[in-house]
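Read through the structure below, which is laid out as structure tokens, and then see the notes.
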Amino acid sequence: MSSQKSDSVHSEWSNQELADVFERIANLLEIKGDVIYKIRAYQRAAESLRAEPRSAAALLAEGKLDEIPGVGKAISEKIEELITTGKLEFLEQLEQEIPPSLLELLQVPDVGPKRAALLWKQAGITDLAGLEAAAREHRLSKLPGLGEKSEARILAGIEALGRRTGRMSLDVAWAHAQRWMDWLRQQPEVQRVEPGGSLRRWRETIGDLDLIAASDHPEPLMERFIHHPDVQRVKGHGENKSSVELRNGVHIQLWAQPPQRFGTLWVYATGSKAHNVRLRELALKRQLSLSERGFEDASGRLMEYATEEEVYAVLDLPWIPPELREDHGEIEAALKGQLPELIETRQIQAELHSHTTWSDGALSVEGMARAAIERGLRILAITDHSGTLGITGGLKAEQLPAQRAEIEQVQARLGKQIKLLHGIEVDIMADGSLGFADEVLAGLDIVIASLHSSLRQPRETITARLVRAIRNPHVDLIAHPSGRLLPNREGADLDWDTVLAEAKAHGVALEINANPHRLDLTDLYARRALELGIPLAINTDAHSPGELDLARYGAAVARRAWVGPEQVLNTWTVERLTRWLAQR
DNA sequence: GCCGTTTTCGGCCCGACTGTTTTCAGTCG
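Under this note's numbering, the first residue of the first sequence is numbered 287, with each subsequent residue one higher.
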């Protein structure tokens, strides 16, 4: 990407695109060899932009860009230049000095900014193809600081890039992690095994798996780990840390320390990196140095801790739930004793988005109802698809009375075990109208509206389309608002400031779709919705009984968004929920 | 380049692992 926007599909710079520009600047400055703290400033600004739910364009208009952490005078001006002119003089200058194709080299393991500069200046290598050719011709090993082993590692790294499977959805990652944790627990040297990294923080997709072990004898454990028959390539191997690539393309990092250091190790290997940096800064203010081994005081004495609670207590902090550890304000909240109460999966007692054989579900109304009862749910909304284009086997409006009759019969049989609601998941058409007429929607207990088609419309069009649905007086809830599919299909290019403002204005709830391939709303916008007081729903969108168990993934998104039980419709009593629906 | 319950100037996290080196630089998380 250059600093010039390639086309005019987007009317505005998204925070993500701005972040990409600053990350690009940081990488180019690193290759150039600029002051490390300037580089970190650009990196921090990029991270903050990605974590900022309000659009930078809107903040600029309000003169509030400096509310973004790490954005000061210089970066504010650059954001303004990008938004107003579409390009950035500073970046264009930089790209004159440093060939931007060098940035490709940074994707290769073991190639960082210093080596990229070396490869460029001493060997004339400016892109990935050039690097691969040089490695194959054994020209790399002749460069200063590089030998035959480095050359072989770099070549292996380039080949691994081609195999790279990308990020995993959360359910896939957990399945792999469980298998490996079971294996690790069977090893004689292991006292304890836990997940770490982005998996434990329940990030929406997972790159590498981080597994943490307590062991008095880590060496033989690491030895057995790297020689496991599923291991294709050993990326690194030491006493306390090893990392491997498996034959199935999954990358695993195993960390180990003795049990009495498990607390600091687990904090460290859980991250996030930004959270860890903040903890270390707090430690330094107390004349302590914090690492995965423990706290070291000025005299060099190491203090070891077996639990995370003890580690946080040293810094006068309460234990912080992993889902919050992103340096998105959790340290400040913890210091003030104001960590939020987070929703628990067990508090979810309603499923407000489910499908039956009336559309594309696997079970009958009664089958789904009984599955819901088995899982302890008190409320189940049957919300089959409206029979509009693109949805196979959707309901026609004429079928709704028959479906209602069936739901009432099942309700009569099941009695007080569960409250069934007759709803619909109505399609939002390409023009923003709904798949059913208002008179039809008026007769239903709950109306969910969602986008399924034409997700690639330009931002203004698709935003207006969603807004029109939100403004329909019969719509209670917008399901999976962006329509994204993890790990690969991006969601609609929505103007979220507008969508959230409209949802608030009309009291329409927004769904956190719990399916691990959706997780939509994202944590970012769920947190903004929380702050705005927009009602939230955590729904599995179950098409089969097993999918009702996906609620925990939705709860994870809500927890990452600092959401407690109060604002989530699914935690409400039958009376409160039916009253809310009736008032709308 | 950013930031402020030690500061508007002078700071800005830490160790493991690797390879190429004779004591350390680069990369990574």
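Note that beta-carbon positions come from the ideal geometry of N, C-alpha and C, so glycine has one too.
Below 8 Å on the Cβ atoms is my contact criterion, and I expect residue i with residue j to pass it. Report the Cβ-Cβ distance as a whole number of Å.
i	j	result
E788	R757	7 Å
E817	T826	That belief does not hold up - the Cβ atoms of E817 and T826 are roughly 25 Å apart, past 8 Å.
A658	E711	About 17 Å; that fails the 8 Å criterion.
A500	L507	Not quite, the Cβ-Cβ distance comes to about 10 Å (not below 8 Å), so this is no contact.
A402	L414	About 11 Å; that fails the 8 Å criterion.
T412	S387	5 Å
A847	E630	The pair is not a contact, with the Cβ atoms about 14 Å apart (cut-off 8 Å).
L752	L780	7 Å
E612	S558	5 Å
L495	V536	7 Å
A560	E333	7 Å
What is the rounded straight-line gap between the Cα of residue i and the Cα of residue j?
i	j	result
K364	I311	11 Å
A461	P481	12 Å
R664	Q635	5 Å
S830	R656	12 Å
R587	V553	20 Å
Q590	H523	Checking the sequence shown, residue 590 turns out to be Glu, not Gln. C-alpha separation (whole angstroms): 24 Å.
R632	I824	12 Å
Q853	L763	14 Å
E776	G769	8 Å
V357	L574	29 Å
L432	R425	10 Å
Q408	I325	24 Å
Q703	A648	22 Å
D713	P687	19 Å
A755	A735	7 Å
I512	E861	56 Å
Please classify residue i: does DSSP put it in a helix, a strand, or coil?
i	result
F548	helix
V271	Residue 271 is absent from the structure shown; the chain starts at 287 and stops at 870.
R745	helix
D809	helix
P481	strand
H671	strand
R450	coil
T643	coil
S294	For S294, the predicted structure reports a pLDDT of 43, less than 50, and the residue's modelled location is therefore unreliable. A value from the coordinates is still provided. In the structure shown, S294 sits in coil (DSSP, three-state: anything other than H, G, I, E or B).
E490	coil
R330	helix
S300	coil
M654	helix
S362	helix
R664	coil
N313	helix
I350	The sequence given here has Lys at residue 350, not Ile. Coil, per DSSP.
E423	coil
N774	coil
Q703	helix
F511	helix
D583	coil
Taking all protein chains shown into account, do 16 or more other C-beta atoms lie within 10 angstroms of the C-beta of residue i, making it buried, or fewer, making it exposed?
i	result
A347	exposed
P773	buried
S292	For S292, the predicted model reports a pLDDT of 47, less than 50, meaning its position is unreliable; a value from the coordinates is still stated below. The residue is exposed, with fewer than 16 neighbouring Cβ atoms inside 10 Å.
E627	exposed
M287	Reliability of the predicted coordinates at M287 is poor, the pLDDT of 44 falling under 50, and the value obtained from them is presented with this limitation in mind. Exposed, since its Cβ has fewer than 16 Cβ neighbours within 10 Å.
E725	exposed
K521	buried
T642	buried
S487	Residue 487 is actually Arg in this sequence, not Ser. Answer is buried; the Cβ neighbour count reaches 16.
D396	exposed
A791	exposed
G410	exposed
N534	exposed
E609	buried
S640	buried
G701	exposed
H514	exposed
Within its chain, find whatever has a CB closer than 8 Å to the CB of residue i; leave out the 5 residues flanking it on each side and keep chain order.
i	result
R336	N301, Q302 and A305
D502	E475, Q477, P544 and P545
Who are the near neighbours of residue i in its chain, counting only those whose CB is closer than 6 Å to its CB and skipping five residues on each side?
i	result
P802	S455, L456, D457 and Y839
V597	G549, T550, V553 and Y591
A683	F722 and V726
W299	L368 and I369
R471	V479
Could you pull out every residue in the same chain whose Cβ sits closer than 7 Å to the Cβ of residue i, ignoring the five residues on either side in sequence?
i	result
D646	H671, T678, G679 and H829
I693	V651, I668, L706 and H708
Less than 6 Å separating the Cβ of residue i from some heavy atom of the ligand MG?
i	result
L380	The ligand MG is absent from the structure shown, which contains no ligands of any kind.
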